[in-house]
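See below for the structure under consideration.
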Amino acid sequence: MSEQVLLALSGVHKSYGATRALRGVDLELHAGEVLALVGENGAGKSTLVKMLTGVVPMDEGAITLQGKPQRFANAQASQAAGILAVHQETVMFEELSVAENIFVGRHLMRGPFIDWASMNAQSQTVLENIGARFTATTLVKDLSLAERHLVEIARALSQQALVVILDEPTAALSQAEIRDFYGIVRKLRDQGVGIIFITHKFDEIFAVADRYLVLRDGAAVGSGRIADATEQELVRLMAGREIDQIYPHIDSVPGAEVMAVKNLSHPTEFNNIHFNLRRGEILGFYGLVGAGRSEAMLAIMGLNPQASGDITVMGQKLNATRPGDAIAAGIAYVPEERQRQGGILSFSVQDNISLAGLSRFANGPWLSALKESELCKRMTERLRIKTASPHTLLSGLSGGNQQKVVIAKWLGLDPKIVILDEPTKGIDVGAKQAVYHLIADMVKEGLSVILVSSELPEVMNLAHRVIVMRHGLQVAEFAREGVHAETIVAAASGLDGSGEHAHAAAPSIATPHLAGAAA
Amino acid sequence: MKSLLHIRREWLLLAIIAVIALAVGARAPVFLTLRNGMDIANDSAILAILVMGQMVVLLTRGIDLSVASNLALTGMVCALIGKAFPGVSIVVLIALAVAVGALLGSINGWLITGFNLPPIVVTLGTLSAYRGAIFVASKGAWISDQDIHDSIKGLPREVWLGLPALVWFAIVVLVASSVFLKLRKEGREIYALGGNPHAATYVGIPMQRRLRLVYTLSGALAGLAGLLWVGRYSIAYTELAAGFELTVVAACVIGGVSIGGGVGTVLGAGLGVLFIGVVNGALPVIQVSPFWQQAISGAVILISVAVNARSERRAGRQILERQGAAA
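In order, the protein sequence lines correspond to chains A and B. Quick note on our numbering: the first sequence kicks off at 1 and runs consecutively. Quick note on our numbering: the second sequence kicks off at 1001 and runs consecutively.
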């Protein structure tokens, strides 16, 4: 690690109206090191990134890059100075080609016209360097999520960035792809690039970072070398309190069968999904991103019209053609993408919570504001939702709290079965813990939970049983007692080599990646 | 692979146009004569010019409903100037038309970016305002054939290298649009910001400037179209081309330009124009009553939009391994 300070922030302040997002943050980044920037949601990480990338101006403070003071007026100025960000949700142009996505905003020109030949050739070189297996002329909409991340990384590499900011870059990647990704991060670091790595996953921090900086409530509360730190210490710094037990103890014993699914199939998305669910049980659905889990759940909710199959809920046959049917049968579905499918950002917290069961607040033809606010208050307390008031807009809440509001909305319906689709995606450890305890409470009260998750520790610690899906097929089922991380990952990525579903020669992306990582 | 699909859709549209033309030609052979083809090309030329402007606006997720009013107002201004200054040359008039149209278009752009207003609201407003301005400028009077400047009237009747001048204008605009959208940085950035406005700010595309550019371009082309329209029909009056903006948007949509932004090609939009030209040319030939013609045109537009939407939705995901693909 070089001792040269590449990027320094000192006394950076930023306020959005009355909210003080950053209050006097200092940061030092050396060339050739990975700095983990950690903190709970709302701690100010995103604001810091936006300032470094020139998307929002800072109120006060100084940014120095290679000893020169900088003030980024816009995104172009920051990029020109050599700061590049790979964002959590890929910032891509789907209808454009890979090469164009790499060069967008700084197209190569020959005279007055765009030089497509050079752009394609240069992109192809960079793609080959990072081991991408698609061509520069592919349209981005034809790429998988993992491949899109490679495009973002290629964008960073092609600009010879001094500083690369990775903002939760692995949120959408599978285990195998993440390990490949670590390799690319180390390669960048060895080339002398300074890397700011933002993540909620502690294993990642310890796997790739050299130093850490913890933000809490807009201030830097601790920093140091990763080698000298422990997970406990980081968690304590982030939360400002001890979080000793992230996973609650699940002691409920599953009771009578509440739901049975047989031969749930779809022409292109999944085939022969079959399981049963018992009262007070947590059933985990594990698989890589894009394995068809969410699609199957949407089919149960009546949102996937091409699907067919036998679903029985409490002894009654359910043939949901719209979500209302499934809700009436006692099923609630908390979708994966909370902003797109779950919550309405421009509605208040209270309106979001009461949305799913409006008819229950009716007094004659009118909605009863009193009943609504009572439910909102109850849910806010039960789920410990951090909001200034019930009338705060959902967009004003942090990601973790938004997720709680979305869950609260469905719990307000008193469902018997709750399907949680990636309930902790992109939320911080404190919020995760709250969600886990919420799940434990739900099964204790006799609800049944289907937990769709790509985070292995989550399903292993919470679920009574785990069903593994791969390429739209149900490939394995494990009881909690018989669960080993390796077996589950092997089943999910198709490396177990056993069973009629194993497609050893399948042209999947995951296979070669995992093989490469294991070597 | 997808780009192949895209091309296929344009071929499909071309095939449909050919089938319609042949079917009509079978009933009325006059439809397939070169003369009729020229007529359709001539009729479609002004639409093609307007469609190029509309397309760049649609690419940014916007819409410009004021084009027909802009066309009529610019046409009226040119007619009035031509009447007042008989010695003015056609080059000056063309420059004037483009400049007035660009000015009117840039007003849309400024209103949209300056006050952060939805394009549909702004251009609906200017649709009425520009239309009203024609009445003010002309005091409600018609400028008819004998008062239209000779060079304005003469321009659409010129024939260069065997093709009518109007068709030449359309060809130049189509080629320029292709170059702009494919080979100019601004053109590519328009696709990018329409495809993902959020991402566009992150990569440093100057959104406001590009938006002002597209409305100015659309306006400039509407202005040019105004001069050509007045020349072709030898008349300028308040209700000139009223409602034509809908035909323009329809041609774009039929040609595969997405209202949702970011998707559309010059070739596709050009075929959309041709489609409307052929249908409108065919209906009178097979003696459909004028009352039915509008209804049929409308139905055709709705059907093609629905087909477009369906084919977009069908391009869904494939999770299960295809039979044989795994081998």
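We put the beta carbon where it would ideally sit given N, CA and C, even for glycine.
- Give the residues of chain A in contact with Tyr1191/B, contact being defined as C-beta atoms less than 8 Å apart. Phe93, Glu95, Leu96
ask   = According to the neighbour-count rule (16 or more other Cβ atoms, all chains shown, within 10 Å of its Cβ), is Asn271/A buried or exposed?
value = Around the beta carbon of Asn271/A, a 10 Å sphere encloses 16 or more other beta carbons of the protein chains shown; the residue is thus reported as buried.
**Interface residues of the segment 133-153 of chain A facing chain B [CB-CB below 8 Å]** = If the cut-off is 8 Å between Cβ atoms, the segment 133-153 of chain A has Leu139, Lys141, Asp142 near chain B.
task = Find the nearest neighbour of Arg1061/B within the set Leu1224/B, Pro1206/B, Tyr1191/B, Gly1226/B, judged by alpha-carbon distance.
result = Looking only at Leu1224/B, Pro1206/B, Tyr1191/B, Gly1226/B, the smallest Cα-Cα distance to Arg1061/B is reached by Tyr1191/B.
**Report entry** Assigned secondary structure, Trp410/A (DSSP; H/G/I helix, E/B strand, else coil)
**Finding:** helix
- Using DSSP with H/G/I as helix, E/B as strand and the rest coil, what is Met51/A? helix
Requested in this report: Taking Arg1188/B as the query, report the chain A residues whose CB atoms sit under 8 Å from its CB, ordered along the chain.
Outcome: Leu96, Glu100, Val104, His107, Ile114
May I ask you to list the residues that DSSP assigns as paired with Asp310/A? Lys262/A
According to a CB-to-CB cut-off of less than 8 Å, which residues of the segment 1249-1270 of chain B neighbour chain A? Gly1262, Val1263
(message) When you compare the CB positions of Leu1211/B and Ile1286/B, do they come within less than 8 Å of one another, or not?
(response) no
Based on the DSSP secondary-structure assignment, which residues constitute the bridge partners of Leu420/A?
-> Val334/A, Leu451/A
### Query
Taking Cβ-Cβ distances below 9 Å as the criterion, which residues of the segment 1106-1129 of chain B are in contact with chain A?
none
Between Val55/A and chain B, is any beta-carbon pair separated by less than 8 Å? Interface residue, yes.
- [ ] Any chance you could list the alpha helix (DSSP H) runs of at least 4 consecutive residues sitting entirely within the segment 71-97 of chain A, in chain order?
- [x] If we require 4 residues or more, the alpha helix (DSSP H) runs fully inside the segment 71-97 of chain A come out as 75-81.
* Three-way DSSP call (helix, strand, coil) for Asn1108/B in this model -> helix
Point to revise | Cβ-Cβ distance between Ser158/A and Val126/A below 8 Å | key: Taking C-beta atoms as the reference points, Ser158/A and Val126/A count as a pair closer than 8 Å.
Under a Cβ-count criterion, where at least 16 other Cβ atoms within 10 Å of its own Cβ denotes burial, should Val1121/B be classed as buried or exposed? Result: exposed.
Rounded to whole angstroms, what is the Cα-Cα separation between Ala209/A and Ser348/A? 39 Å
Which residues of chain A have a Cβ atom closer than 9 Å to the Cβ of Tyr1215/B, listed in chain order?
Residues of chain A passing the Cβ test: none, with the nearest at roughly 22 Å.
Practice prompt. Check the Cβ-Cβ distances between Tyr1233/B and every residue of chain A, and say whether any is below 8 Å.
Written response: no
Practice item. Please go through the same chain and pick out, in chain order, the residues whose beta-carbon is closer than 6 Å to the beta-carbon of Ala8/A, but skip the five residues on each side of it. Key: Glu28, Thr64
Give the residues from the segment 1279-1310 of chain B that approach chain A closer than 8 Å (Cβ to any Cβ), ordered along the chain. none
*Proximity below 8 Å, CB of His266/A to CB of Ala332/A*: no
- Message: Cutting at 6 Å between CB atoms, please list the residues of its own chain near Gly44/A, excluding the five before and the five after it.
- Response: Close CB contacts of Gly44/A within its chain, under the 6 Å cut and outside five residues either way in sequence, are with Ala21, Leu22, Leu215, Gly218 (chain order).
- Query: Looking at the unbroken alpha helix (DSSP H) that takes in Phe275/A, where does it start and where does it end?
  - Reply: Not the alpha helix (DSSP H): Phe275/A falls in the beta strand (DSSP E), residues 273-278.
request  = Following the continuous alpha helix (DSSP H) through Glu1245/B, name the residue where it begins and the one where it ends.
outcome  = That run of the alpha helix (DSSP H) goes 1244-1254.
task = Check whether the Cβ of Gln474/A lies closer than 8 Å to any Cβ atom in chain B.
result = no
- Task: Give, in chain order, every residue of the segment 1037-1070 of chain B whose Cβ lies closer than 9 Å to some Cβ of chain C.
- Result: Considering every chain present, this structure includes no chain C. Its protein chains are A and B.
**Prompt:** Expressed to the nearest angstrom, what Euclidean distance is found between the alpha-carbon atoms of Pro335/A and Leu420/A?
**Reply:** 7 Å
- Which residues bound the alpha helix (DSSP H) around Tyr247/A? Counting along the chain, Tyr247/A falls outside any alpha helix (DSSP H), and DSSP gives it neither H nor E.
For Leu143/A and Ser1089/B, I'd like the C-alpha separation in whole angstroms.
55 Å
*asked:* Let me see if you follow: with CB-CB separation under 8 Å, is Asn272/A close to chain B or not?
replied: no
Please state whether DSSP places Met58/A in a helix, a strand or coil.
Looking at Met58/A - three-state DSSP - the assignment turns out to be coil, as it is neither helix nor strand.
Discussion item. For Glu422/A and Lys1185/B, I'd like the C-alpha separation in whole angstroms.
Written reply: When only Cα atoms are considered, Glu422/A and Lys1185/B end up about 40 Å apart.
Are the C-beta atoms of Asn74/A and some chain B residue less than 8 Å apart? So, interface residue.
Gly1204/B CB to nearest chain A CB: under 8 Å?
yes
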